[in-house]
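S.K.:
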Amino acid sequence: MPELPEVETTCRGIAPHIIDRQIVEVRVHQRQLRWPIPDDIDALTGKSISDVTRRGKYIQIHADGGEAIVHLGMSGSLRLVDVDEPLKKHDHVEWQLDSGHVLRLHDPRRFGCVLWHEANTAPHPLLEKLGPEPLGNAFTGAYLFQQTRKRKAAIKVFIMNSHVVVGVGNIYASESLFMAGIRPGRAAGRVTAAECEQLVQAIREVLARSIKQGGTTLRDFVNSDGQPGYFKQQLLAYDRAGEPCRTCGQAIKQKVLGQRSTYYCSRCQK
DNA sequence: CTAAATACCTGATGGC
DNA sequence: TGCCATCAGGTATTTA
């Protein structure tokens, strides 16, 4: 599932191949993603890519006049392939480059999106209200502590809210709470200042480590070269129901929180 | 305002 | 082999 490390891996993979390259043609094979792909998506045609950036899990492909915003949803991936590579099922969008390569969006479950945002206009509504980047300086224990005060939602659900902090999805939420020793179901407002500090550090550490491993591939995530990520083997809690806790040996528990599978150790996490 | 539920979608999996 | 039910999950939107 593309969470922040997978999106970052994708950005780093595609950037050197598309920056300063010209888009020759944009081909859309399936418009119905999370939202229909707008007609102005081919505004990129004939333009040169100036930069590739990321905000949360949104990928921004910048060019003169605007940017394409791409979200991978749950099952999306962006790959660079040769022009003669046959189109696969669920390859929905292609950006033909002047290098002879093609950037392809593959997304079986179609929860992703592709949008166009004009330059020099109001910030895009999807990006405008996002919380701080977890690896940036604004995401601190003090910030999280202040945000969580008087909040009754489960801490796990809370940190998965992109208006609080971006990039923490279901996998890394369970992982970071395990690392910080906090039960996922505890009310956010009952997490102490010291624990908020530990949690912030855990989130930063697990995301940074996963980025180094090229992300986590559970089923279908592949990077821009079509390769999986290798962080799965380092998971401490996620997807380990019934398996021994790597700290104390007790079986990892699984429960549903906010309609999402949640994994934790009832002995190590309080 | 918060919190919880819902919608979007397809593929993998398990039971019969 | 086929069919149905269930689950997976990011996040904007809707409902309570």
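With the first letter of the first sequence counted as 1, position 266 gets the number 519 in my numbering; the numbers rise by one all the way through. The C-beta atom is built at its ideal place from N, Cα and C for all residues, glycine as well. The model shown is predicted, which means the values in this text are computed figures rather than measured ones.
1. Please list the segments of the alpha helix (DSSP H) lying wholly inside the segment 436-498, counting only runs of 4 or more residues, in order along the chain.
2. Are the CB atoms of Tyr-517 and Asp-492 within a distance shorter than 8 angstroms?
3. When DSSP labels each residue in this structure, what does Glu-386 get in the three-state scheme?
4. Name the one or two DSSP bridge partners that Val-334 has.
5. So Gln-480 and Gln-466 are in contact, right, with Cβ under 8 angstroms, and what is the actual spacing, rounded?
6. Distance check for Val-410 and Pro-289, CA to CA, integer angstroms please.
7. Along the chain, where does the beta strand (DSSP E) that runs through His-315 open and close?
8. Sorry if obvious, but does the Cβ on Ile-505 come closer than 7 angstroms to a heavy atom of the ligand NAP?
9. For Thr-262, count neighbouring C-beta atoms within 10 Å of its own C-beta (all shown protein chains included) and say buried if the count is 16 or more, exposed if not.
10. On a CA-only basis, which of Gly-319, Leu-257 and Lys-523 is nearest Asn-373? Give me that one, please.
11. Assuming Ala-216 and Met-432 make a contact with CB atoms under 8 angstroms, what is their CB distance in whole Å?
12. Looking at Leu-356: is its Cβ nearer than 8 angstroms to the Cβ of Leu-333?
13. Exposed or buried, Gly-502, counting other C-beta atoms within 10 Å across all chains shown (16 or more means buried)?
14. Can the beta-carbon of Ile-312 be found less than 8 angstroms from the beta-carbon of Val-260?
15. Can you look up Asp-304 in the DSSP assignment and give me helix, strand or coil?
M.R.: For this structure:
1. 446-465
2. As a working note, residue 492 is residue 239 in the first sequence. As a working note, residue 517 is residue 264 in the first sequence. Cβ atoms of Asp-492 and Tyr-517: not closer than 8 angstroms.
3. To locate residue 386, count along the first sequence from 1; it is residue 133. Note: Glu-386 maps to coil in three-state DSSP.
4. As a working note, residue 334 is residue 81 in the first sequence. Note: Val-334 sits in a beta bridge opposite Val-355.
5. What you label residue 480 is simply residue 227 of the first sequence in a count that begins at 1. What you label residue 466 is simply residue 213 of the first sequence in a count that begins at 1. Not really, about 11 angstroms apart at Cβ, beyond 8 angstroms.
6. By one-based count along the first sequence, residue 289 stands at place 36. By one-based count along the first sequence, residue 410 stands at place 157. Going from the Cα of Pro-289 to the Cα of Val-410 covers about 28 angstroms.
7. Residue 315 sits at position 62 when you count from the first residue of the first sequence. 311-316 is the extent of the beta strand (DSSP E) around His-315.
8. Summarising the ligand content, the structure contains no ligands, and the ligand NAP is consequently not present.
9. Position 9 of the first sequence, counted from the first residue, corresponds to residue 262. Answer is buried; the Cβ neighbour count reaches 16.
10. The residue labelled residue 373 in the question sits at position 120 within the first sequence. Nearest option by C-alpha distance: Gly-319.
11. What the structure shows of the chain is the stretch from 254 to 523, and residue 216 is not part of that stretch, so it cannot be assessed.
12. Along the first sequence, read from residue 1 onward, the residue named residue 356 stands at position 103. Along the first sequence, read from residue 1 onward, the residue named residue 333 stands at position 80. Leu-356 is a Cβ neighbour of Leu-333, given a cutoff of 8 angstroms.
13. The count along the first sequence starts at 1 and reaches residue 502 at position 249. So Gly-502 ends up on the exposed side.
14. Position 59 of the first sequence, counting from 1, holds the residue named residue 312. Position 7 of the first sequence, counting from 1, holds the residue named residue 260. Against a cut-off of 8 angstroms, the Cβ pair of Val-260 and Ile-312 comes out as a contact.
15. For the purposes of this step, residue 304 is taken as the residue at position 51 of the first sequence. Per DSSP, reduced to three states, the secondary structure at Asp-304 is strand.
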